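Down below is the structure, laid out as structure tokens.
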């Protein structure tokens, strides 16, 4: 890519790379780290016309995910929280990542929950599309409000599961 002075690099993080979730301490921290890597690498490669896309898919309908859900390998709190984001087919995830990469978007989010998380966590990340920057700027206030309501719900789920029973 450096020799041809063009290219695209895609990192696949997770919605859990934007929002810390119960039961995913190790997973979230590694997925959060990808954002820092992607942002720094984008800045280092911009002069070579090489661009980064980082995708934040929610649960994807794969054999591994289905095994976790069907065999109740995830804590009940985690399952309740993750249901707010939905379940996507691997084709939906792949198509969205390809579209975002082709369009030159830095971030690739999935569904309403994903878009809200991307708006709230975009910070001073790379601006590769003015349209994305305008939308994030316009929706940041309402996205933050919705995000706070969802986070309160997440904490309620966790607190209810750990209340002592008499």
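Numbering (the numbering used here), first residue to last: 97 to 262. Think of the CB as a built atom: it goes at the ideal place given N, C-alpha and C, for glycine as much as any other residue. Values in this document were obtained by computation on a predicted structure and should not be read as measured data.
If one requires a minimum length of 4 residues, the alpha helix (DSSP H) runs lying completely within the segment 126 to 177 are 159 to 166, in chain order.
Residue burial annotation: residue 102 is exposed, with fewer than 16 other C-beta atoms found within 10 angstroms of its C-beta. Contact between the segment 177 to 191 and the segment 126 to 138 is absent, with fewer than three C-beta pairs closer than 8 Å. In this structure residue 115 is buried. Its beta-carbon is surrounded by 16 or more other beta-carbon atoms within 10 angstroms. Remark: C-beta atoms of residue 119 and residue 171 approach each other more closely than 7 Å. Apart from the 5 residues on each side of it in sequence, residue 107 sits with its Cβ closer than 6 Å to the Cβ of 130, 134 and 150 in its chain, given in chain order. The beta carbon of residue 248 lies closer than 6 Å to none in the same chain, with the five residues before and after it left out.
For residue 197, the secondary structure class from DSSP, reduced to helix, strand or coil, is helix.
The C-alpha of residue 227 lies about 44 Å from the C-alpha of residue 258.
Sequence-distant partners of residue 251 (beyond 5 residues in either direction) whose C-beta falls short of 8 Å from its own C-beta are missing from its chain.
Going by DSSP, residue 255 is part of no beta strand (DSSP E) but of the alpha helix (DSSP H) stretching over 226 to 257.
In the three-state scheme derived from DSSP, where H, G and I count as helix and E and B as strand, residue 210 is classed as helix. Looking at the backbone, the Cα of residue 173 and that of residue 99 are separated by about 49 Å.
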